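J.: Let me give you the structure first, and then I'll get to my questions.
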Amino acid sequence: MERKIVSFVNLLARNWLSRRLICKLDHFDETTGEMRVEKVLKRYVGESTSFDMTCRVYYPFVRRIVAYGGKRFEVSEERMKEFFSDPIKRKGLGNVVLSIAKYGITKPQKLRAPFLVVWDITKACNLKCKHCYSSSGRRSRDELNTEDVKRIIDEMDRMGIVAIAFSGGEPLMRPDFYDIAAYASRKNIYTAIATNGTLIDKNVAKKVKKAGIRYVEISIDGADPATHDSFRGVDGAWEKAVEGIKNCKNMGLMTAIASTATTSNIDEIGQIIDLAEDIGVDRFIEFNFIPTGRGRFSLEADLSPTQREGLLKYLYERSQTSPVEIFSTAPQYARIAIQTIHKHGGGNLSFTFYGGHVEGDLFEIAEFISGCGAGRLYCAVTSSGKVKPCVFMPIVVGNLRKESLYDVWNNSQELKDLRDRSKIRGRCAQCTYKYVCGGCRSRAYGYYGDMEEVDTGCIYNDNAYKEIMNKN
Numbered sequence: 005m006e007r008k009i010v011s012f013v014n015l016l017a018r019n020w021l022s023r024r025l026i027c028k029l030d031h032f033d034e035t036t037g038e039m040r041v042e043k044v045l046k047r048y049v050g051e052s053t054s055f056d057m058t059c060r061v062y063y064p065f066v067r068r069i070v071a072y073g074g075k076r077f078e079v080s081e082e083r084m085k086e087f088f089s090d091p092i093k094r095k096g097l098g099n100v101v102l103s104i105a106k107y108g109i110t111k112p113q114k115l116r117a118p119f120l121v122v123w124d125i126t127k128a129c130n131l132k133c134k135h136c137y138s139s140s141g142r143r144s145r146d147e148l149n150t151e152d153v154k155r156i157i158d159e160m161d162r163m164g165i166v167a168i169a170f171s172g173g174e175p176l177m178r179p180d181f182y183d184i185a186a187y188a189s190r191k192n193i194y195t196a197i198a199t200n201g202t203l204i205d206k207n208v209a210k211k212v213k214k215a216g217i218r219y220v221e222i223s224i225d226g227a228d229p230a231t232h233d234s235f236r237g238v239d240g241a242w243e244k245a246v247e248g249i250k251n252c253k254n255m256g257l258m259t260a261i262a263s264t265a266t267t268s269n270i271d272e273i274g275q276i277i278d279l280a281e282d283i284g285v286d287r288f289i290e291f292n293f294i295p296t297g298r299g300r301f302s303l304e305a306d307l308s309p310t311q312r313e314g315l316l317k318y319l320y321e322r323s324q325t326s327p328v329e330i331f332s333t334a335p336q337y338a339r340i341a342i343q344t345i346h347k348h349g350g351g352n353l354s355f356t357f358y359g360g361h362v363e364g365d366l367f368e369i370a371e372f373i374s375g376c377g378a379g380r381l382y383c384a385v386t387s388s389g390k391v392k393p394c395v396f397m398p399i400v401v402g403n404l405r406k407e408s409l410y411d412v413w414n415n416s417q418e419l420k421d422l423r424d425r426s427k428i429r430g431r432c433a434q435c436t437y438k439y440v441c442g443g444c445r446s447r448a449y450g451y452y453g454d455m456e457e458v459d460t461g462c463i464y465n466d467n468a469y470k471e472i473m474n475k476n
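In our numbering, each residue's number is its place in the sequence shown (first place is 1) plus 4.
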């Protein structure tokens, strides 16, 4: 089905008339709380929704386009309707189609609105993690209040943002968290949470599900409890986190284990995946170490390019047989997948954690959606409402107390620069995989103070890594 959807989107993108038509559907209806494109797709699957004059005029044309696409790519009307019956899929496809209608097909693909917003909803935290990108601990005095948070969620909904991942700090320490999460979920925004898991007893897991959260990501940084607890700064954190994972799974929540790979735990990554398989979680994500926040003081924890290359190859190979989905936030992961498939044949083409994976021969997709997504596929919002390209990049590009996310997303020069891979310098600029990978821009900023510099985590930048390590 994924191949058919990709072909269908390509068909729309290459037809100037369909693109012009779809642009007319880029409008939010305040009465129904839906984009026009979502309403048209909703009517297509047989659900009732109110139509304004524009929807009435353009619905027959959209229906014909969808029917033509289904017929051409041998997808039955029943399958098409089944796909579009999920409101979050309607929102997601709407964002992609409207983006292509606005920009055309670009490498990498530009979006009219971020697909994902990672929102550090509070700086309050009950752990003392050595690598914390936000240097969390105490709640900030300038933390957004509930009313402001809901106002911003309303704006994200109007923009057509598909997903919000609440993080922190520890998001569960915010008193109004469940109210906020439920509010976002009612907007048909895919709602996720990144947590240390230590507070998730059976009752909390029940409240998380009731709030409409669809995905829970819990950090485990060691197969050995001592490794994890040392990293997290609190004894007993591992046992509570594992219990939290089990409680989420027992509640029927989609659950992931996230591990930041460092020199202290690289030898335990395989065992952490064993743990993930034993518990039966849905996903394992290896996070890149980024020298930011408290991580600035732990440069010795960073993997060498050789270590990272070996780890990513291991993760990809294991992903082909594991019942658990395995991803990495390292943009080099897609390059590893492509090289392995070219060498051995078969296998799925895995992207970074937000891109998922597709059939191995759909290489053309990688140059459009893969690689570093900072400021292009997603952005970050701090607890005080500041906008950053990425949670790991301490560059403030806007303030949602004073300006709209729409204006920030469309007008920030820093975000525009991140979407333009021609601005990358050094070995990354010359790389065959520039559009598939592009290097981690947050790592470039962390080591050089320049988001357009090389990513020293890549095997192709080993000399740059050695040079900068010698300076430190």
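Built from N, CA and C at the ideal position, the CB exists for glycine as well. Quantities reported herein were computed from a predicted structural model and do not represent experimental measurements.
1) Excluding sequence positions up to five away, which residues of its chain have a Cβ less than 6 Å from the Cβ of D2?
2) Exposed or buried, which one is K406 when buried takes at least 16 other CB atoms within 10 Å?
3) Is it true that the CB of N269 sits closer than 8 Å to the CB of T231?
4) Output the distance between the C-alpha atoms of D90 and V44, rounded to the nearest integer angstrom.
5) Kindly indicate which three-state DSSP category R287 falls into: helix, strand or coil?
6) Using CA atoms only, rank isn't needed, just tell me which of G453, C432, R162 is closest to I399.
7) In this structure, how does DSSP classify Y382 when only helix, strand and coil are distinguished?
8) Could you give the distance in angstroms between the alpha-carbon of K250 and the alpha-carbon of A209?
9) Would you give the residue range spanned by the beta strand (DSSP E) that F170 belongs to?
10) Three or more C-beta pairs under 8 Å: does that hold for the region 187–203 against the region 88–105?
11) Compare the Cα-Cα distances from Q343 to each of T126, A227, Y63, V440 and report the closest residue.
12) Going by DSSP, which residues form a beta bridge with W123?
13) Cα separation between G364 and Q336?
14) Quick check on this structure: which residue in K206, A448, V121, K244 has the alpha carbon closest to the alpha carbon of N292?
15) Could you give the residue range of the beta strand (DSSP E) that holds M163?
16) Give the straight-line distance between the Cα atoms of R380 and F32, rounded to the nearest whole angstrom.
17) Comparing C-alpha positions only, which one of T460, M473, D233, G108 sits nearest to E304?
18) When you compare only the Cα positions, how much space is there between C252 and P327?
19) Would you tell me roughly how many angstroms separate the C-alpha atoms of C376 and C444, rounded to the nearest one?
20) Return the chain-ordered list of same chain residues with a C-beta closer than 6 Å to the C-beta of R287, the five sequence neighbours on each side being excluded.
21) With DSSP as the reference, identify every bridge partner of A198, one or two as the case may be.
22) Could you tell me the alpha carbon to alpha carbon distance between C27 and L409, rounded to whole angstroms?
23) Name the two residues that bound the continuous alpha helix (DSSP H) containing A340.
24) Would you kindly report the start and end of the unbroken beta strand (DSSP E) that includes S332?
25) Please identify the residue among G237, N254, G173, T267 whose C-alpha is closest to the C-alpha of V212.
26) Classify Q417: buried if its beta carbon has 16 or more other beta carbons within 10 angstroms, exposed otherwise.
27) D33 bridges to which residues according to DSSP?
28) Closer than 7 Å by C-beta to C462: which residues in its own chain qualify, once you throw out the five before and the five after it? Chain order, please.
29) May I ask which residues mark the beginning and end of the alpha helix (DSSP H) holding M84?
30) Can you name, in chain order, every residue of its own chain whose Cβ lies under 6 Å from the Cβ of K206, other than the five neighbours on each side?
31) Taking buried to mean at least 16 other C-beta atoms within 10 Å of its own C-beta, is Y464 buried or exposed?
32) Am I right that I277 and R322 are in contact with their C-beta atoms under 8 Å? What's the rounded C-beta distance?
33) For the beta strand (DSSP E) that K390 lies in, which residues bound it at each end?
34) Which whole-angstrom value is the C-beta distance of L316 and I340, which I expect to be below 8 Å?
35) Between the beta-carbon of G201 and the beta-carbon of G248, is there less than 8 Å?
36) Between which residues of its own chain and K244 is the CB-CB distance below 6 Å, once the five residues before and five after are set aside?
T.: So, from the data block:
1) Limits of the chain in this structure are 5 at one end and 476 at the other, which puts residue 2 out of reach.
2) What you label residue 406 is simply residue 402 of the sequence shown in a count that begins at 1. Its Cβ having fewer than 16 others within 10 Å, K406 is exposed.
3) As a working mapping, residue 231 is identified with position 227 in the sequence shown. As a working mapping, residue 269 is identified with position 265 in the sequence shown. Against a cut-off of 8 Å, the Cβ pair of N269 and T231 comes out as a contact.
4) By one-based count along the sequence shown, residue 90 stands at place 86. By one-based count along the sequence shown, residue 44 stands at place 40. D90 and V44: Cα-Cα distance of roughly 13 Å.
5) Residue numbering aside, residue 287 sits at position 283 when the sequence shown is read from its first letter. Looking at R287 - three-state DSSP - the assignment turns out to be strand.
6) Within the sequence shown, residue 399 is the residue found at index 395, counting from 1. Comparing Cα positions, the closest option is G453.
7) One-based indexing of the sequence shown puts residue 382 at position 378. Here Y382 sits in strand by DSSP.
8) Residue 250 sits at position 246 when you count from the first residue of the sequence shown. Residue 209 sits at position 205 when you count from the first residue of the sequence shown. Taking the straight line joining both Cα atoms gives about 10 Å.
9) On the sequence shown, position 166 is the one that residue 170 refers to. 167–171 is the extent of the beta strand (DSSP E) around F170.
10) yes
11) Numbered from its first residue, the sequence shown carries residue 343 at position 339. Of the candidates T126, A227, Y63, V440, the one whose C-alpha sits nearest the C-alpha of Q343 is V440.
12) As a position in the sequence shown, residue 123 is number 119, starting the count at 1. Note: W123 sits in a beta bridge opposite F170, V385.
13) One-based indexing of the sequence shown puts residue 364 at position 360. One-based indexing of the sequence shown puts residue 336 at position 332. Any reading at G364 is ruled out, since the residue's pLDDT is 45, under 50, leaving its predicted position unreliable.
14) Numbered from its first residue, the sequence shown carries residue 292 at position 288. Minimum Cα distance to N292 is reached at A448.
15) For the purposes of this step, residue 163 is taken as the residue at position 159 of the sequence shown. No beta strand (DSSP E) holds M163; the alpha helix (DSSP H) holding it covers 150–163.
16) Numbered from 1 along the sequence shown, position 376 holds the residue referred to as residue 380. Numbered from 1 along the sequence shown, position 28 holds the residue referred to as residue 32. R380 and F32: Cα-Cα distance of roughly 22 Å.
17) Here residue 304 refers to the residue found at position 300 when the sequence shown is read from its first residue. Comparing Cα-Cα distances from E304 to each of T460, M473, D233, G108, the minimum goes to M473.
18) Numbered from its first residue, the sequence shown carries residue 252 at position 248. Numbered from its first residue, the sequence shown carries residue 327 at position 323. Going from the Cα of C252 to the Cα of P327 covers about 18 Å.
19) On the sequence shown, residue 376 is found 372 positions in, with the first residue counted as 1. On the sequence shown, residue 444 is found 440 positions in, with the first residue counted as 1. Approximately 6 Å, taken between the alpha carbons.
20) Position 283 of the sequence shown, counted from the first residue, corresponds to residue 287. Hits under 6 Å: A260, E329.
21) Taking the first residue of the sequence shown as position 1, residue 198 is located at position 194. A198 pairs with E221.
22) For the purposes of this step, residue 27 is identified with residue 23 of the sequence shown, where counting begins at 1. For the purposes of this step, residue 409 is identified with residue 405 of the sequence shown, where counting begins at 1. Taking the straight line joining both Cα atoms gives about 20 Å.
23) Counting from one through the sequence shown, the residue named residue 340 turns up at place 336. Per the sequence presented here, residue 340 reads as Ile, with Ala not at that position. Residues 336–348.
24) Here residue 332 refers to the residue found at position 328 of the sequence shown. Per DSSP, S332 belongs to the beta strand (DSSP E) from 329–332.
25) Taking the first residue of the sequence shown as 1, we reach residue 212 at position 208. For V212, the nearest C-alpha among the options comes from N254.
26) Within the sequence shown, the letter at position 413 stands for residue 417. That one is exposed.
27) As a working mapping, residue 33 is identified with position 29 in the sequence shown. Paired residues: E38.
28) In the sequence shown, residue 462 corresponds to position 458, counting from 1. The residues are P309, Q336, G443.
29) Residue numbering aside, residue 84 sits at position 80 when the sequence shown is read from its first letter. Residues 81–88.
30) The sequence position of residue 206 within the sequence shown is 202, counting from 1. For K206, where only same-chain residues beyond five positions count, the Cβ hits under 6 Å are N251.
31) Here residue 464 refers to the residue found at position 460 of the sequence shown. Result: buried.
32) For the purposes of this step, residue 277 is identified with residue 273 of the sequence shown, where counting begins at 1. For the purposes of this step, residue 322 is identified with residue 318 of the sequence shown, where counting begins at 1. Their Cβ separation, rounded to whole angstroms, is 6 Å, which keeps I277 and R322 in contact under 8 Å.
33) Walking along the sequence shown from the start, residue 390 turns up at place 386. Here the beta strand (DSSP E) through K390 covers 390–392.
34) Looking up residue 316 in the sequence shown gives position 312. Looking up residue 340 in the sequence shown gives position 336. Yes, they are in contact, since the Cβ atoms of L316 and I340 sit about 5 Å apart, within 8 Å.
35) By 1-based counting over the sequence shown, the position of residue 201 is 197. By 1-based counting over the sequence shown, the position of residue 248 is 244. Cβ atoms of G201 and G248: closer than 8 Å.
36) Within the sequence shown, the letter at position 240 stands for residue 244. Closer than 6 Å at the Cβ level, and outside the excluded window around K244, lie T202.
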